[in-house]
């Protein structure tokens, strides 16, 4: 996904989001053989056109990366939706209420058909975010920002941990 607010991605500001990998890790953090995807750049995988909706008077621009993946013998549907709000907005997600500040990038990820090798395993999603300020200048350093965030519930089936991993929820 590439967003260029001025329409000029060469000389103006831009933000580019790329899906890099989706990997199943065992409880010690080791990659599980045959349970990963690292090539999302196929003809069947693509970003949908940018669309805008309005929530409580705030425009939210969204696009979805849709991919049909093969993991081992299984077919897995992958949908990452990235949204940017023009103003501060409060959104509901399941039983959670999220406050999303203006300009923040919000992700929603849906994965269907993934079969875990073990119930204690997790999924790690890697994405790359490149951004450029006006006139090609680099953006401010993120050196002093925290690298981890608190554990948050994603849905009734998955749990969100940082930097970006999911695990089956135990009943």
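Numbering (my numbering), first residue to last: 231 to 401. Note that CB positions come from ideal geometry on N, CA and C, so glycine has one too.
Taken through DSSP and simplified to helix, strand or coil, residue 252 comes out as strand. Counting the other CB atoms within 10 Å of its CB gives residue 337 a total below 16, which places it among the exposed residues. In the DSSP assignment, residue 350 falls outside any beta strand (DSSP E) and carries neither an H nor an E.
As computed with DSSP, residue 258 is found in no beta bridge at all.
Take the alpha-carbon of residue 306 and the one of residue 287: they are about 36 angstroms apart. By the criterion of a C-beta distance shorter than 8 angstroms, residue 322 is surrounded in its chain by 328, once the five residues flanking it on both sides are discounted. Close CB contacts of residue 313 within its chain, under the 6 angstroms cut and outside five residues either way in sequence, are with 290, 292 and 336 (chain order). The three-state reading of DSSP puts residue 309 in strand, counting E and B together. In the DSSP secondary-structure assignment, residue 316 is not bridged to any residue. Here the alpha carbons of residue 297 and residue 345 stand approximately 17 angstroms from one another.
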